[in-house]
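Notes for the one structure printed next.
Numbering (this note's numbering), first residue to last: 45 to 183.
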C-alpha cells in the first residue's frame with residue numbers, strides 16, 4: 045500500500061499512529077481488519093433483530109416464530125425476514141393476515157400450535173376514558 049494512502053487513512057488517529065510510517069501502517073491494517081469483520085457482523089445482527097421483531101409480532105397472534113415460518117414456507121410465501129419484520133412493526137393488519145395464512149396452512153398439515161395463554165399479548169391496548177392528564181402547578 046502506498047505510504048500517502050496509509051497516511052490518508054490514518055488521519056485522525058491518536059499519537060504517533062498518524063505520523064510514524066510503521067505505526068500508521070499497523071493501525072491502518074488493523075482498522076481495515078476490524079472493518080472487514082464488522083461488515084459481516086452487521087448482517088448477523090440485523091437478521092437477529094428481524095427475527096426478534098417477527099417473533100414478537102407472531103406471539104401477539106398466538107403463534108411462535110418457528111411455527112409461523114413453517115406455515116409461510118409451506119404455503120409458498122416468498123416474503124423475506126426483513127420485509128416480514130417491517131410488516132410486523134408498521135402494518136399490523138397485513139401481518140395478522142399472514143399469521144392467519146400460516147395458521148391455516150399449519151392446520152392443513154395437521155400441525156398443532158400451542159402457546160400458553162400467559163404468553164399471548166393483547167395486540168390492541170385498552171385505553172380507559174376519563175383519565176385526567178397531569179397539569180403543571182402555577183406559581
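Every residue, glycine too, gets a C-beta built ideally from N, C-alpha and C. These numbers come from a predicted model, not from an experiment.
- Here the C-alpha atom of residue 147 lies approximately 12 Å from the C-alpha atom of residue 139.
- For residue 123, there is no enclosing alpha helix (DSSP H), as DSSP marks it with neither H nor E.
- In the three-state reduction of the DSSP assignment, residue 113 falls in the helix class.
- Contact check between the stretch 81-88 and the stretch 116-123: fewer than three CB pairs, one atom from each, fall below 8 Å, which does not count as touching.
- In the DSSP assignment, residue 76 falls within the unbroken alpha helix (DSSP H) covering 65-103.
- In the three-state reduction of the DSSP assignment, residue 54 falls in the coil class, being assigned neither a helical nor a strand state.
- In this model, residue 131 and residue 94 are separated by some 11 Å (Cα to Cα).
- Between the alpha carbons of residue 89 and residue 96 lies a gap of roughly 11 Å.
- Between residue 102 and residue 143, the CB-CB gap stays under 8 Å.
- When secondary structure is reduced to three states using DSSP, residue 139 falls in the helix class.
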